[in-house]
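What follows is a short report on a single structure.
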Amino acid sequence: MTTHFRPLSLGGAVQGYFISMDSWRRFSPAPQAALTAQFCTLETQMWDRATSANDDAVDCEVVRDPCIQNRRFAIQMVEISPADQQMRRAAGQIVLLLWRDASLQVDQTCPATWNQTVGSVAGLTIR
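Okay, so the sequence shown: first residue is 39 according to the working numbering, each after it adds one.
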C-alpha cells in the first residue's frame with residue numbers, strides 16, 4: 039500500500055492537430071485566422087485542464103481541499119528538496135542532450151524550436 043506521495047512528474051505527453059500545407063492553403067485568410075484563433079483557445083483550455091486535473095489529483099491524494107474530481111486518500115506528501123530539484127534538473131539535462139544529439143541528425147532547427155516551445159513552458163533549455 040502506498041503511504042507517501044512525492045509531487046514529481048515522471049512522464050509527459052504531446053497532443054497535436056495537423057493539416058497539410060496543401061489543405062491549409064485551400065482556406066482563404068479569414069478562415070485560416072479563425073482556425074488559428076480557435077486552436078489558440080483550445081491550447082489554453084487544454085493547459086488549464088491539465089493543470090486543474092493535476093492539482094485536484096494532488097489535493098485528493100493528500101486530503102487537501104478542494105478535492106472535487108477524485109477519491110480522497112490519506113497519503114503523506116513528501117516535498118521535493120532543493121537538492122532533489124537540482125538532481126532532477128541535472129538528469130533532465132542529460133536526457134535533453136541525448137535528445138538534442140538525436141534530433142540534430144534529422145533537423146538542425148529542432149533544439150531551437152523545442153527551446154522556444156516546450157522548453158519555455160517547462161522551464162528547460164537544450165544547450
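The C-beta atom is built at its ideal place from N, Cα and C for all residues, glycine as well.
All figures in this text were calculated on a predicted structure; none of them were measured in a lab.
Item, Value
"DSSP-derived helix/strand/coil call for Q114", "strand"
"N-terminal and C-terminal residue of the alpha helix (DSSP H) that Q83 is part of", "P67 to E99"
"Through-space distance from M39 to V52, alpha-carbon basis", "31 Å"
"For G130 and D139, the rounded distance between their alpha carbons", "14 Å"
"Nearest candidate by alpha-carbon position, reference F56, set S47, L73 and S66", "L73"
"Extent of the continuous alpha helix (DSSP H) run through V52", "Segment: none, V52 is in no alpha helix (DSSP H) and carries neither H nor E."
"Exposure label - C78; buried when at least 16 CB within 10 Å", "exposed"
"Same chain only: Cβ atoms within 8 Å of T41, ignoring 5 sequence neighbours per side", "I113 and Q114"
"Cβ neighbour criterion (16 or more within 10 Å) applied to I132", "exposed"
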